[in-house]
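Heads up, the thing below is written out as structure tokens.
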Amino acid sequence: MMLRSLTLTALAATLAATLAPVPAIAQRNENVLVIYGDDACPTSNGEEIVVCARLPEAERYRIPEQLRDTSDLSANESWRSRAQALEYVGRTGINSCTPVGPGGVSGCQAELMRAARAERGGGALIDF
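With our numbering applied, the sequence shown corresponds to residues 85 to 212, in that order.
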């Protein structure tokens, strides 16, 4: 009895493995396109669905919005402001905001005043 049930199970497994998967008959093919300017949207045949998104002609050769990266503002920064930012990097001693050398405290005060002046937007017109 046990041998018979094992044989039937093996036969069913073999039969299931030999059947090829059949694609679903009702599968639909969908086509989503981006159309620019006055270009025509392609028509669909009976088996596919065509969806067209229309954008202005000026957007045709632009980088798509989701790929445009505006977070790197250093590329948009002028050389003058870059040089100002790097002017005090690596300085030590008098008039530098560092614990090394005499006068480091005065440099920290000068840096604080420069930052306050830049924050108020007055540039060199505001003097402490």
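Just so you know, even glycine gets a beta-carbon here, dropped at the ideal spot from N, CA and C.
Quickly, what does DSSP pair residue i with across the bridge? List them, please.
{"i": "CYS136", "result": "LEU117"}
Quick check on the burial criterion: 16 or more other C-beta atoms within 10 angstroms. Buried or exposed for residue i?
{"i": "SER128", "result": "exposed"}
{"i": "GLY121", "result": "exposed"}
Once you ignore the five residues that flank residue i on each side, which residues in its own chain have a CB closer than 6 Å to its CB?
{"i": "CYS125", "result": "ILE119 and CYS136"}
{"i": "GLU114", "result": "ILE133"}
{"i": "CYS181", "result": "GLY191, CYS192 and GLU195"}
{"i": "ARG144", "result": "TYR120"}
{"i": "GLN150", "result": "none"}
In chain order, what residues of the same chain lie with their CB nearer than 7 Å to the CB of residue i, ignoring the 5 residues before and after it?
{"i": "VAL116", "result": "VAL135"}
{"i": "ALA200", "result": "none"}
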